[in-house]
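Beneath this line is the structure, given in C-alpha cells, with notes to follow.
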Amino acid sequence: MAGMIFEILQSYASKNLPYSYSSQGYDTGAFAPGWCSAWMSNGCPTGNSGTEPYVVTHHLLLGHAAIVKLYKEKYQASQKGQIGIVLVSHWMVPYSSSKQNHKAAERALDFMLGW
Numbered sequence: 012m013a014g015m016i017f018e019i020l021q022s023y024a025s026k027n028l029p030y031s032y033s034s035q036g037y038d039t040g041a042f043a044p045g046w047c048s049a050w051m052s053n054g055c056p057t058g059n060s061g062t063e064p065y066v067v068t069h070h071l072l073l074g075h076a077a078i079v080k081l082y083k084e085k086y087q088a089s090q091k092g093q094i095g096i097v098l099v100s101h102w103m104v105p106y107s108s109s110k111q112n113h114k115a116a117e118r119a120l121d122f123m124l125g126w
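Every letter in the sequence shown is one number past the one before it in the numbering used here, and letter 75, counting from 1, is 86.
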C-alpha cells in the first residue's frame, strides 16, 4: 500500500504546523500535552512557557532535517518527489507607514516564518 502511495504522490510534508504544536502545546497549554507557565492562569499542571516552545521547535526542526536528508538520499531519485514543511503564521502589517513600523512587522513575520 505505501509503495502505491509513493508512486502517486509527488509532494511530501515532514511536519505539519510545527508553530501551532509548539506554541499551543507548550506555551498556552491549549493543545496536548497542555503545558504552560503558572502565570498563564490556564490551570496547566506543569511547564515553562518561556523556554519549552523553543526547545520543542528546535527538536521539530532537527526531525524535519533528518527526514529531508533521508528522503533526498534514499528515495527522491527514484520517486522524483519533493519534500518540505507546512508552516502557519499570523500575518503582520505595519501599524503606520513609518520605517519603524515596517521594520517591526518584518521582524514579527521573520519570527513566525523565518525558520
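All residues carry an ideal CB built from backbone N, CA and C; glycine is no exception.
Just so it is clear, the structure is predicted and the values come from calculations on it, not from any experiment.
What does the Cβ neighbour count give for residue 95, buried or exposed, with the cut at 16 atoms within 10 Å? exposed
Give the secondary structure of residue 21 by DSSP, where H, G and I count as helix, E and B as strand, and everything else as coil. coil
Checking the sheet assignment: what are the DSSP bridge partners for residue 93? 22
Continuous alpha helix (DSSP H) stretch holding residue 59: start and end: It is not in any alpha helix (DSSP H) - residue 59 carries neither H nor E in the DSSP assignment.
Just the C-alpha distance for residue 36 and residue 93, rounded to the nearest angstrom, thanks. 29 Å
In the DSSP output, what is residue 27 paired with across the bridge? 97
If you drop the 5 nearest sequence neighbours on each side, which residues of the same chain put their C-beta closer than 6 Å to that of residue 78? 25
Restricting to Cα atoms, I'd like to know which of 68, 114, 73 and 22 is closest to residue 28. 68
Measuring alpha carbon to alpha carbon, tell me which of 54, 38, 81 and 43 ends up nearest residue 61. 38
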